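Asks:
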Amino acid sequence: MENLLTAQSHIALNTPNNKTINIGNDQPFVLFGGMNVLESKELAFEIAEQYVEICERLGIGYVFKASFDKANRSSLHSYRGPGLAQGIDWLGQIKEKFQVPIITDVHEPHQAAPVAEVADIIQLPAFCHVRRTWFMRWQRQTRLLISKRHSFWRRMRCDILSISV
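Positions 919 to 1083 (this note's numbering) are the ones given, in order, by the sequence shown.
1. What residue range is occupied by the uninterrupted beta strand (DSSP E) comprising V1036?
2. According to the Cβ coordinates, are D987 and G1001 closer than 8 Å?
3. What residues match up with G942 in a beta bridge as DSSP calls it?
4. Taking buried to mean at least 16 other C-beta atoms within 10 Å of its own C-beta, is I978 buried or exposed?
5. Is it true that the segment 929-938 meets the segment 953-971, where meeting means three or more beta-carbon pairs spaced less than 8 Å apart?
6. Report buried or exposed for R1075, applying the criterion of at least 16 other Cβ atoms within 10 angstroms of its Cβ.
7. Using a Cβ-Cβ cut-off of 7 Å (strictly less than) and excluding sequence neighbours within five positions of A930, which residues of its own chain qualify?
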């Protein structure tokens, strides 16, 4: 795949406040951090604020990471998140208030376009790789796609695809 970044390459991710975060093996450390799933707007804001403060103090790049829907829960009764519309709204507010890039994941093709309006990076869960048509649709929707490919008998692999829209 021609857009696959190699170990020697990197991408330049522009932040909302026009700074650039360079991501790559030959670049300074960048922290992708946040919460597993968006539990509440207030908690998400508290967590983002703490990460931003610490990363600024340490002089490292930061990307806020959280899921609006954890579709791969082991129980049907587990909390999955606020859902697409509310989750995108909260992530957009975090991006605007804290001036940080956003990474989140998508599980269905219809989520790609609205998520790409807010997210700077979209992550595909490993189970989505079995759906090649979904994968190709997501590629057309975003600037940067992180794809977790899982081979059940080998180690997990994560590919970073730089996508131009």
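We put the beta carbon where it would ideally sit given N, CA and C, even for glycine. Computed from a predicted structure; not experimentally measured.
Replies: Short version:
1. Careful: V1036 lies outside any beta strand (DSSP E) and carries neither H nor E.
2. yes
3. H928
4. exposed
5. no
6. Low local confidence applies: a pLDDT of 43 at R1075 is under 50, so the model's placement there is unreliable, with the coordinate-based value given in what follows. Exposed, by the Cβ-count rule.
7. T938, N940
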